[in-house]
Amino acid sequence: MKGKLTLLIWLAILGLFVAGAGAVAYKIHKRKQAAASQAWEAKLVFPIPPEATAEQIEAAAKELDTKLDRYEVLRPVIDDLKLVEFWGVADVNAAMELLKEATGARVEEGKVVFASRDKDKEMAGKIQKKVAESYDRVERLSRYGLPTVPPP
Numbered sequence: 009m010k011g012k013l014t015l016l017i018w019l020a021i022l023g024l025f026v027a028g029a030g031a032v033a034y035k036i037h038k039r040k041q042a043a044a045s046q047a048w049e050a051k052l053v054f055p056i057p058p059e060a061t062a063e064q065i066e067a068a069a070k071e072l073d074t075k076l077d078r079y080e081v082l083r084p085v086i087d088d089l090k091l092v093e094f095w096g097v098a099d100v101n102a103a104m105e106l107l108k109e110a111t112g113a114r115v116e117e118g119k120v121v122f123a124s125r126d127k128d129k130e131m132a133g134k135i136q137k138k139v140a141e142s143y144d145r146v147e148r149l150s151r152y153g154l155p156t157v158p159p160p
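Here the numbering used here is used: the first residue of the sequence shown is 9, the next is one more, and so on.
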């Protein structure tokens, strides 16, 4: 009888230990998941005429988003910021897809807003700045009828 009682006590202690370790592992997992989902955002507001309707603003945001996702706009950003290494992706194409997901134009409070998101606060700001500069360069070249030359 005494041996069975000792065995039950040890099994109860072992069960409590396993349950406690599982609870701690779950909390760590949730914290990592919350940290991974947290992203910093940098915004740039584009000017819209005050007489623009909601449909015109929405159309302007979609057009801007399409223009921002072009190869000649995003590729220099990937090269300048060395995003392949920073994000640890396989190649430029993977970085291009991540950059397209991390940037975009949307309507916010009746304004067209370009935003870039990243887990790193500084990188979110750098991406926003570089994409805006690259977009401006491409738009100036196309405005004057000059061909845009993709980077090497």
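Every residue gets a Cβ at the ideal spot worked out from N, C-alpha and C, and that includes glycine. Note that the structure is predicted; figures quoted are calculated from it, not measured.
Leu-82 sits away from Gln-136, with the two beta carbons spaced by 8 Å or more.
The alpha-carbon separation between Arg-114 and Trp-95 amounts to approximately 24 Å. Contiguous alpha helix (DSSP H) elements confined to the region 33–102 occur at 62–76, 79–89 and 91–95, taking only those with 4 or more residues.
Beta-bridge partners assigned by DSSP to Asp-126: Trp-48. DSSP, reduced to helix, strand and coil, places Glu-147 within a helical segment of the structure shown.
For Tyr-34, the number of other beta carbons within 10 angstroms of its own is below 16, and it is reported as exposed.
Cβ-Cβ separation between Lys-75 and Tyr-143: approximately 7 Å, consistent with a contact (criterion under 8 Å). The alpha-carbon of Trp-18 is positioned some 12 Å away from that of Val-26. Only residues of its own chain outside the window of five on either side were considered, and among them Lys-138 have a CB closer than 7 Å to the CB of Asp-88, listed in chain order.
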